[in-house]
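Asks:
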């Protein structure tokens with residue numbers, strides 16, 4: 029007879045307790061500890077079968093390990109490949125999280141329909157007919173994608189053993205349950221057990237597994253924090269549901285950089301890859317408007333031109349408001365203090381609103397100068413020239429500080445047709461014979477002459 033054990037888990041962080049208590053000592057949250065029945069049974073399925081393991085599980089000396097670079101699997105999606113670091117690593121476990129309705133299932137279904145490999149798409153949330161309705165809208169002519177609607181991990185592994193797919197996609201990890209744990213789907217113990225089984229399968233068979241994960245109201249992936257530690261890659265799919273653009277970021281990547289960025293456009297036929305995001309992040313206007321400035325920023329190895337919008341108006345309600353969308357509000361307050369102290373602008377009694385267009389968030393300090401230019405342009409109600417762009421950091425003493433990879437920013441601005449780029453005079457620039465004019469500034473007061 030199987031041994032039944034009752035344990036208590038914190039639903040916030042996954043910490044285990046032997047008895048109930050009001051506050052979790054790990055995450056300090058109240059009333060998050062619930063009782064779960066945990067039952068351990070003998071695992072007599074594929075995990076103990078000697079025929080399923082394709083790799084020898086014996087200890088090797090470091091010098092005896094084959095160091096030949098294992099080929100990544102090309103997803104035929106340039107943005108997805110870029111974020112992963114060049115493609116899917118065999119035997120890796122990838123976790124994709126995002127807001128409800130943002131397009132997680134659409135993205136992975138679209139990738140599975142593009143892949144030239146045998147792919148098993150396991151859904152615990154939709155029926156096969158529902159998935160086919162979406163697949164016909166994206167790419168109906170695919171013969172290598174198999175759809176399975178199942179939530180029990182033991183049944184999933186039986187189908188995997190029969191089909192022998194090259195890639196497995198699970199939608200979603202919160203819907204799976206294992207017979208080894210007597211608790212409901214989505215509980216702490218079920219998520220940990222199901223993920224452990226998938227990790228064991230992926231590492232032993234060198235089959236990559238991609239999981240979709242739900243997120244909480246705070247924006248974190250639902251379940252224990254250990255889930256993010258167990259997987260190899262954690263991707264975040266984000267964007268405003270009111271906008272058509274979606275951004276894919278890597279929060280953790282054992283096989284590549286975490287600073288890469290993938291941009292998609294949501295259309296009726298699925299998600300379209302945006303190969304030149306500068307064209308969509310910079311709006312096309314027929315008339316010149318005050319408060320708009322273009323900044324040259326860097327995301328990973330990619331240079332982007334983004335539009336910064338500012339609105340400065342008299343504070344009607346007495347207390348000035350400071351609001352920033354896509355930009356750090358504390359940094360905005362710092363730049364306003366620099367303008368007031370160093371440049372003599374009286375902005376303390378005015379409302380200041382700042383927005384990064386396209387629904388993206390930027391933390392690159394190189395857009396400081398563009399933020400300052402947009403604020404001064406709105407305050408004086410004077411439009412900046414359309415072919416001006418900015419790439420410099422602003423210090424507390426009002427100096428224009430140099431930024432990294434300035435030459436890459438200059439070349440991107442030149443490619444998009446800008447005539448002048450404002451950078452720090454302390455940057456070392458070796459570019460010659462460029463069509464764009466490089467305007468060097470040393471302090472923020474030097475910028476006023478080009479705006480007022």
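Residue numbers (this note's numbering): 29 to 480. Glycine included, C-beta positions come from ideal geometry on N, C-alpha and C.
(1) Would residue 441 and residue 395 qualify as a contact pair, given that the criterion is a beta-carbon distance under 9 Å?
(2) Taking Cβ to Cβ, would you say residue 291 is nearer than 9 Å to residue 275?
(3) Beta-carbon within less than 7 Å of residue 430's beta-carbon, same chain only, minus the 5 sequence neighbours each way: which residues are those?
(4) Can the beta-carbon of residue 143 be found less than 9 Å from the beta-carbon of residue 199?
(5) Closest to residue 411 by C-alpha separation, out of 401, 87 and 205, would be which residue?
(6) Which residues does DSSP list as the beta-bridge partners of residue 469?
(7) According to DSSP, residue 205 sits in a beta bridge with which residue or residues?
(8) Is the region 419–426 touching the region 378–391 in the sense that three or more CB pairs, one from each, lie closer than 8 Å?
(9) Assuming contact is defined by CB atoms lying nearer than 9 Å, are residue 326 and residue 273 in contact in what I supplied?
(10) Using DSSP's beta-bridge definition, name the partner residues of residue 44.
(11) Residue 258 and residue 216 look like a contact to me (Cβ under 8 Å); what is the Cβ gap, rounded to whole Å?
(12) Between residue 470 and residue 397, what straight-line distance do the alpha-carbon atoms span, to the nearest angstrom?
(13) Where does the unbroken beta strand (DSSP E) through residue 334 begin, and where does it stop?
(14) Whole angstroms is fine: what's the gap from residue 377's alpha carbon to residue 342's?
(15) CB residue 448 to CB residue 466, shorter than 9 Å?
(16) May I have the straight-line CA-CA distance separating residue 52 from residue 44, to the nearest angstrom?
(17) Give the DSSP-derived three-state secondary structure of residue 282 in the structure shown.
(18) Using 8 Å as the Cβ pair cut-off and three pairs as the minimum, do the region 123–138 and the region 181–189 touch?
(19) Just verifying my parser: in three-state terms, what is the DSSP assignment at residue 432?
(20) Just verifying my parser: in three-state terms, what is the DSSP assignment at residue 113?
(21) Spatial neighbours of residue 122 within its chain, please: C-beta separation below 6 Å, excluding the five flanking residues on both sides.
(22) By the DSSP assignment, the beta strand (DSSP E) with residue 244 in it spans what residues?
(23) Between 160, 190 and 339, which has its C-alpha nearest residue 169's C-alpha?
(24) Could you check what DSSP says for residue 366 in three-state terms: helix, strand or coil?
(25) Return helix, strand or coil for residue 395, following the three-state DSSP convention.
(26) DSSP three-state label for residue 351, please.
Replies: The relevant details are as follows:
(1) no
(2) yes
(3) Answer for residue 430: 452, 454 and 455, listed in chain order.
(4) no
(5) Minimum Cα-Cα distance from residue 411 among the listed residues 401, 87 and 205 corresponds to 401.
(6) 452
(7) Looking at the DSSP assignment, residue 205 forms a beta bridge with 180.
(8) Touching, no.
(9) no
(10) 37
(11) Their Cβ separation, rounded to whole angstroms, is 13 Å, which puts residue 258 and residue 216 out of contact at 8 Å.
(12) Near 12 Å, if we compare the C-alpha coordinates of residue 397 and residue 470.
(13) Run containing residue 334: 330–342, per the beta strand (DSSP E) assignment.
(14) Pairing residue 377 with residue 342, the inter-Cα distance amounts to about 7 Å.
(15) yes
(16) 9 Å
(17) coil
(18) no
(19) coil
(20) coil
(21) 238 and 261
(22) No beta strand (DSSP E) holds residue 244; DSSP gives it neither H nor E.
(23) 160
(24) The answer is helix: DSSP assigns residue 366 an H, G or I state.
(25) Helix, per DSSP.
(26) strand
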